[in-house]
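Colleague: Residue numbers for the sequence shown follow my numbering, beginning at 91 and rising by one.
Each residue gets a CB set at the ideal place from its N, CA and C atoms; glycine is no exception.
All of these numbers come straight from a predicted model, not from anything done at the bench.
Let me give you the structure first, and then I'll get to my questions.
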Amino acid sequence: MHGNAAAHRATRSMRSAWPAGRRRQACAALAAALLTSWALLLPGYDGSIDRAVVAGECLGTVLLAAITALSPCRRARHALALLTTYIGLTALGDTYWLLTVDPTGLSFVDDEFEPGPTIAVEVVRYAALLGLLAHATPVTGGRRWTWRRGVAQAQTTVSVTALLLLATPAGELVDDGRSYSLFCFFDVAVAATALGAVLGAAWTTPRPDRRATRHLTATAAGVGLLVLGDAVVVLSLTAGSTATGAAGMATVLAGGTALIAVNLRTGHPAPAPSGALPHVPRPGHPGLVLTATVAVQVLTPLAVSALTAARLTAAAQPGSSAGPGAATVGTAVAALALTVLHATAQAHRARLAQVAAAAAQRDELTGAHSRRGLSAHAHRHLDATTGPGWTLALFDLDGFKAVNDTFGHDAGDEVLRAVVARAAAVVDGHGVLARLGGDEFVALLRTGPADAPATTAVLERLREAVAAPVEVPGGVTVAVGASLGAVTATPGPTGLAGLLSAADRRMYADKRTRRPTAQPPAQVPARLPAQAQNQVPNQVPVQAPGGGAGRPSR
Numbered sequence: 091m092h093g094n095a096a097a098h099r100a101t102r103s104m105r106s107a108w109p110a111g112r113r114r115q116a117c118a119a120l121a122a123a124l125l126t127s128w129a130l131l132l133p134g135y136d137g138s139i140d141r142a143v144v145a146g147e148c149l150g151t152v153l154l155a156a157i158t159a160l161s162p163c164r165r166a167r168h169a170l171a172l173l174t175t176y177i178g179l180t181a182l183g184d185t186y187w188l189l190t191v192d193p194t195g196l197s198f199v200d201d202e203f204e205p206g207p208t209i210a211v212e213v214v215r216y217a218a219l220l221g222l223l224a225h226a227t228p229v230t231g232g233r234r235w236t237w238r239r240g241v242a243q244a245q246t247t248v249s250v251t252a253l254l255l256l257a258t259p260a261g262e263l264v265d266d267g268r269s270y271s272l273f274c275f276f277d278v279a280v281a282a283t284a285l286g287a288v289l290g291a292a293w294t295t296p297r298p299d300r301r302a303t304r305h306l307t308a309t310a311a312g313v314g315l316l317v318l319g320d321a322v323v324v325l326s327l328t329a330g331s332t333a334t335g336a337a338g339m340a341t342v343l344a345g346g347t348a349l350i351a352v353n354l355r356t357g358h359p360a361p362a363p364s365g366a367l368p369h370v371p372r373p374g375h376p377g378l379v380l381t382a383t384v385a386v387q388v389l390t391p392l393a394v395s396a397l398t399a400a401r402l403t404a405a406a407q408p409g410s411s412a413g414p415g416a417a418t419v420g421t422a423v424a425a426l427a428l429t430v431l432h433a434t435a436q437a438h439r440a441r442l443a444q445v446a447a448a449a450a451q452r453d454e455l456t457g458a459h460s461r462r463g464l465s466a467h468a469h470r471h472l473d474a475t476t477g478p479g480w481t482l483a484l485f486d487l488d489g490f491k492a493v494n495d496t497f498g499h500d501a502g503d504e505v506l507r508a509v510v511a512r513a514a515a516v517v518d519g520h521g522v523l524a525r526l527g528g529d530e531f532v533a534l535l536r537t538g539p540a541d542a543p544a545t546t547a548v549l550e551r552l553r554e555a556v557a558a559p560v561e562v563p564g565g566v567t568v569a570v571g572a573s574l575g576a577v578t579a580t581p582g583p584t585g586l587a588g589l590l591s592a593a594d595r596r597m598y599a600d601k602r603t604r605r606p607t608a609q610p611p612a613q614v615p616a617r618l619p620a621q622a623q624n625q626v627p628n629q630v631p632v633q634a635p636g637g638g639a640g641r642p643s644r
C-alpha cells in the first residue's frame, strides 16, 4: 500500500512538473511507439495467439499505462485507465493460456478448450468497455447517468441481441457451448450497447452538446471496432485463417487508436454552463423518435417473444431439430424482463409527470391556482357561448407590504394563506381562485357580467372575507384590505392577457378613489424580542377593513 501511495505521489509530481503541452507531446510519442510496434508485429502473425502477440499485448498495456499517467486531463485519464484495464486483462488471459495449456499458441482448430480462469478474465474485461461507454455518456439534467437511461440502453441492447440470435445463424454459434462462441456473443452485445448508447443519448439528452455528442460517438465507434475486431480474431482462430486474424487485429488496433486519440485530443468535454433562465427544449424530430421507440421497445420484444415461442414449440414436436440453446433462451428471457422493467419505469415517469403537471397549476404557498392553472381554466371556459357568462376580478392586498416590512415574511405568508382560504370559501361554487404572484389574486366567476347582481354580491363578500383580521406568528393580529377591479369576460382576440390588463386598470382606479380610514391599534403580544419591539409602532400600518391605501402596494 505504501508503494502504491509513493508511486501515485511520484506520478502526480511528474504531471505537475511537466506542462500540459509537453505531456500531450509525450503521450503522442508513446502512442506512435505503440502503433509502430503493432505494425511490425502484424506481418508475422501466423493465425494463432503466440508469444509474439502476447508480448505485443503486454507492451501495449505498459505503454497505455504510461499514456494514462501522462494525460493532461483527469477525465481522459479515467477513460484511458479503463482501456488499459481491457487490454491488460486480455494479455493476462492469453498469458495464462500459454502457460497452462499450449505454449506454442492459442488456437481453436484442434478443439482446444480454454481453462476456466482464462474464460473468467476474458469475460470480466468487457465490464471495462461498458464503463468506458458510461463514462462518455453526456450529462443529462445535471447528472451523468441515470438508472432509467441504463435500463433503456440495456433493454435496447439485449432485445436486439436476442433478435439476432433467434433470427440468424449467430444463435447456433453461441449455443454450441464453446468458449469462443461466448466471446463472440459478448463482442456483439457490447457493440450493440455502443450503438444503443449513441441512439439513447441522441433522443434522451434535453439539450445535446455537440462536443459531448461527438465525444460519445467517437468513443462508441472505438469500442465497436475493438469488440468486432476481437470477434473476427476469435472466429479466425477456429479456422486458422491468417489473413482474417490479421484483419481482426488491425481492426482492434484501429479501435484502440481512436479511443486514445479522442481522449488525448479533446479530453472529456465539460458540461455546458447552465443559463440564467430555464432552458426551453428545442423542437426535435418527434416522428423519428416515435418510430425508433416503437421499433425498439414494442416491435422488437414482440418479435423476440414470437420467435422464442415458435422455436420452442417446433422443438417439442417429434422428429424436429433441437430448439434454441440456453444462451439464446436466456438472452430472450432477459430481453423480455428488461422490457417489463423499462415499461414499469416509463409508467413511474408518467406518474411523476402527471404530478409535476398538477403542481405547475397550483400555487405552492397558498394552494390557489397558479397563473398556468388560471390560463388552463380560461382557455376551457371563456370561449363558451352558453351559460350566464364570466367575470374576471383582479384584486391585491392593501397594506400587505407593511405587514411584511414590520413582522417579516413569515407573517406575510400567513396572511396570504388566510386570504386564499377565506376567498376560496366565497368563490367556491361560482368559479376559481388564482394567485398571479406576490399579493395579486384573480377570481374567475361564472356569475354573469361584472355588473350583474350575483357578481356584485360575490365580490362584496370577497372584500369582507379579505378584510377579516388575521393572527400571524408571534400573537399579532393584523388586517389588510382589497383593491379590486372586475371586467366582463367576453370572447375576443385579446384573450386572458387583455382581460387582466383591463382589470388591472380598474383595480388601480378603485385604489385611487378609496380613501384611508382610521386604523385599529395593533394587538401586540406581551413579550417580543427587543428588535421586534423597536420595529412595531403603536398602531399597525395596515389597512383596516373597507379602507384604502395611501399608495399602491406593489
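Can you give me the start and stop residues for the beta strand (DSSP E) that Ala576 sits inside?
Modeller: Numbered from 1 along the sequence shown, position 486 holds the residue referred to as residue 576. Residues Gly571 to Ala579.
Colleague: Starting from the Cα of Leu254, find the closest Cα among Leu124, Ala422 and Ala308 and give me that residue.
Modeller: As a position in the sequence shown, residue 254 is number 164, starting the count at 1. Looking at the Cα atoms, Ala422 is the closest of the given residues.
Colleague: Under the rule that 16 or more other beta-carbon atoms within 10 Å means buried, what is Thr537, buried or exposed?
Modeller: On the sequence shown, residue 537 is found 447 positions in, with the first residue counted as 1. Answer is buried; the Cβ neighbour count reaches 16.
Colleague: Looking at the structure shown, is Asp60 part of a helix, part of a strand, or coil, going by DSSP?
Modeller: In the structure displayed, the chain extends from 91 to 644; residue 60 sits before or after that span and is not available.
Colleague: How about Ala308 and Val264: are their beta carbons less than 9 Å apart?
Modeller: In the sequence shown, the residue the question calls residue 308 occupies position 218. In the sequence shown, the residue the question calls residue 264 occupies position 174. No, Cβ-Cβ distance for Ala308 and Val264 is not below 9 Å.
Colleague: How many whole angstroms separate the CB atoms of His438 and Gln451, which I take to be in contact at a CB cut-off of 8 Å?
Modeller: Locating residue 438 in the sequence shown gives position 348, where the first residue counts as 1. Locating residue 451 in the sequence shown gives position 361, where the first residue counts as 1. Wrong, their Cβ atoms sit about 21 Å apart, outside the cutoff.
Colleague: CB Thr347 to CB Leu125, shorter than 9 Å?
Modeller: Locating residue 347 in the sequence shown gives position 257, counting from the first residue. Locating residue 125 in the sequence shown gives position 35, counting from the first residue. Closer than 9 Å, so yes.
Colleague: For a quick check, are the C-beta atoms of Leu549 and Ala592 less than 9 Å apart?
Modeller: Locating residue 549 in the sequence shown gives position 459, counting from the first residue. Locating residue 592 in the sequence shown gives position 502, counting from the first residue. Cβ atoms of Leu549 and Ala592: not closer than 9 Å.
Colleague: Could you compute how far the alpha carbon of Pro109 sits from the alpha carbon of Cys117?
Modeller: Residue numbering aside, residue 109 sits at position 19 when the sequence shown is read from its first letter. Residue numbering aside, residue 117 sits at position 27 when the sequence shown is read from its first letter. Between Pro109 and Cys117, the C-alpha separation is close to 12 Å.
Colleague: When you compare the CB positions of Thr545 and Thr481, do they come within less than 9 Å of one another, or not?
Modeller: For this step, residue 545 is matched to residue 455 along the sequence shown. For this step, residue 481 is matched to residue 391 along the sequence shown. Yes, these two residues count as a Cβ contact at 9 Å.
Colleague: Which of the three DSSP states is assigned to Ala412 in this structure?
Modeller: Here the question's residue 412 lines up with position 322 in the sequence shown. In the structure shown, the three-state DSSP call for Ala412 is coil.
Colleague: Using only the alpha-carbon positions, how far apart do Arg165 and Ala533 sit?
Modeller: By 1-based counting over the sequence shown, the position of residue 165 is 75. By 1-based counting over the sequence shown, the position of residue 533 is 443. The alpha-carbon atoms of Arg165 and Ala533 are separated by roughly 55 Å.
Colleague: Going along the chain, which residues of its own chain have a beta-carbon closer than 6 Å to the beta-carbon of Gly415, five neighbours each way excluded?
Modeller: Taking the sequence shown and counting its residues from 1, one reaches residue 415 at position 325. Counting only Cβ-Cβ distances below 6 Å, and skipping sequence neighbours, we find Asp265.
Colleague: What is the residue span of the alpha helix (DSSP H) that Asp488 lies within?
Modeller: Taking the sequence shown and counting its residues from 1, the one referred to as residue 488 is at position 398. No alpha helix (DSSP H) contains Asp488, which is instead part of the beta strand (DSSP E) from Trp480 to Asp488.
Colleague: Within this structure, are the beta carbons of Thr251 and Ala218 separated by less than 9 Å?
Modeller: Mapped onto the sequence shown, residue 251 falls at position 161. Mapped onto the sequence shown, residue 218 falls at position 128. In this structure, Ala218 does not lie closer than 9 Å to Thr251 by Cβ.
Colleague: Starting from Arg525, follow its DSSP beta bridges and name the residues at the other end.
Modeller: Here residue 525 refers to the residue found at position 435 when the sequence shown is read from its first residue. BP columns for Arg525 point to Phe531.
Colleague: Within its chain, find whatever has a CB closer than 6 Å to the CB of Leu354; leave out the 5 residues flanking it on each side and keep chain order.
Modeller: One-based indexing of the sequence shown puts residue 354 at position 264. Here the set comprises Cys117.
Colleague: Within the chosen definition, does the segment 334-343 reach the segment 312-326 through at least 3 CB pairs nearer than 8 Å?
Modeller: yes
Colleague: For Val517, collect the residues of the same chain with a Cβ closer than 6 Å to its Cβ; drop the 5 residues on either side in sequence, then sort them by chain order.
Modeller: By one-based count along the sequence shown, residue 517 stands at place 427. Closer than 6 Å at Cβ, skipping near neighbours: Leu523 and Ala533.
Colleague: Helix or strand or just coil, what does DSSP make of Thr227?
Modeller: Position 137 of the sequence shown, counted from the start, is the residue given in the question as residue 227. Reduced to three states, the DSSP call for Thr227 is coil.
Colleague: Which partner residues does Arg215 have in the DSSP bridge list?
Modeller: In the sequence shown, residue 215 corresponds to position 125, counting from 1. In DSSP, Arg215 forms no bridge with anything.
Colleague: Here's the rule I'm using: 16 or more other beta-carbon atoms within 10 Å means buried, otherwise exposed. How should Thr227 be labelled?
Modeller: Start at 1 with the first residue of the sequence shown, and residue 227 comes out as number 137. Flag for Thr227 reads buried.
Colleague: With DSSP as the reference, please indicate the residues paired to Glu561 in a beta bridge.
Modeller: Counted from its first residue, the sequence shown places residue 561 at position 471. DSSP, once it has assigned bridges, lists Thr567 as partnering Glu561.
Colleague: Taking the alpha-carbon of Leu646 as reference, which of Thr418, Leu378, Ala443 and Ala483 has the nearest alpha-carbon?
Modeller: Nothing can be reported for residue 646, as the shown portion of the chain is limited to 91 through 644.
Colleague: When the distance is taken between beta carbons, is Val143 closer than 9 Å to Leu131?
Modeller: Along the sequence shown, one-based indexing puts residue 131 at 41. Along the sequence shown, one-based indexing puts residue 143 at 53. Going by C-beta atoms, Leu131 is nearer than 9 Å to Val143.
Colleague: Drop a sphere of 10 angstroms on the beta-carbon of Ser249, count the other beta-carbons inside from all chains shown, and report buried for 16 or more, exposed for fewer.
Modeller: Start at 1 with the first residue of the sequence shown, and residue 249 comes out as number 159. Looking at its Cβ environment, which holds 16 or more other Cβ atoms inside 10 Å, Ser249 is buried.
Colleague: Exposed or buried, Arg602, counting other C-beta atoms within 10 Å across all chains shown (16 or more means buried)?
Modeller: Numbered from its first residue, the sequence shown carries residue 602 at position 512. For Arg602, the number of other beta carbons within 10 angstroms of its own is below 16, and it is reported as exposed.
Colleague: Could you tell me which residues DSSP puts in a beta bridge with His459?
Modeller: Here the question's residue 459 lines up with position 369 in the sequence shown. Paired residue(s): Arg452 and Ala524.
Colleague: CB-CB under 8 Å to Ala123, same chain, minus the five flanking residues each way: which ones, in chain order?
Modeller: Within the sequence shown, the letter at position 33 stands for residue 123. For Ala123, where only same-chain residues beyond five positions count, the Cβ hits under 8 Å are Leu153.
Colleague: Which residue's Cα is closest to the Cα of Tyr186: Val211, Leu172 and Ala171?
Modeller: Position 96 of the sequence shown holds residue 186. Here the closest residue by C-alpha is Val211.
Colleague: Classify Asp495 as buried or exposed, calling it buried when 16 or more other Cβ atoms lie within 10 Å of its own Cβ.
Modeller: Along the sequence shown, read from residue 1 onward, the residue named residue 495 stands at position 405. Label assigned to Asp495: exposed.
Colleague: Start and end of the alpha helix (DSSP H) containing Leu586?
Modeller: In the sequence shown, residue 586 corresponds to position 496, counting from 1. Run containing Leu586: Gly585 to Thr603, per the alpha helix (DSSP H) assignment.
Colleague: Just the Cα atoms here: how many angstroms apart are Val280 and Ala468?
Modeller: The residue given as residue 280 occupies position 190 in the sequence shown. The residue given as residue 468 occupies position 378 in the sequence shown. Computed Cα separation, rounded: 53 Å.
Colleague: Figure out for me which residue from Val288, Arg304, Ala302 and Thr247 has the closest Cα to the Cα of Val278.
Modeller: By one-based count along the sequence shown, residue 278 stands at place 188. Selected option, being the one with the closest Cα: Thr247.
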